[in-house]
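Residue numbers (our numbering): 768 to 906.
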């Protein structure tokens, strides 16, 4: 058995069993801890997304919808789009059900990630910086 075969076996095990269970478990944990934030605040989220941005002092502001689209563009790539198409082609309606279920559960994980990014953002050279690389190194 070559080193590549060993790494392939470990990779297959991690992505087939461990990762799926961990993502579902963490999503359920955050859903319970946040009391279903992705369901409770859905109406408020839609309302916030659709409100118009104000123009102050002739300065243009980014609207909530524009911020959402920028955030979505940074998270979703062609791999995600091709992966969904492949899953639907291979799994049919069952794949769609499981994708929706994991998306609903994963909404709490996304909320927690965004909250941590806001809590631990730093101002550097007049700009705000944040994300996992910043809140991972909390001292």
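By construction, the Cβ of each residue, glycine as well, lies at the ideal position given by its N, Cα and C atoms. Quantities reported herein were computed from a predicted structural model and do not represent experimental measurements.
Cβ pair residue i, residue j closer than 8 Å
i	j	result
residue 866	residue 854	yes
residue 805	residue 878	yes
residue 886	residue 896	no
For residue j and residue i, believed in contact at Cβ under 8 Å, the rounded distance
i	j	result
residue 872	residue 801	Between residue 801 and residue 872 the Cβ distance is about 12 Å, and since that is not below 8 Å, they are no contact.
Sequence-distant residues of its chain with Cβ nearer than 6 Å to residue i (five each side left out)
i	result
residue 838	none
Beta-carbon contacts of residue i that lie in its chain and below 7 Å, excluding the five residues immediately before and after
i	result
residue 816	831, 832 and 835
residue 794	872, 873, 875 and 876
residue 844	none
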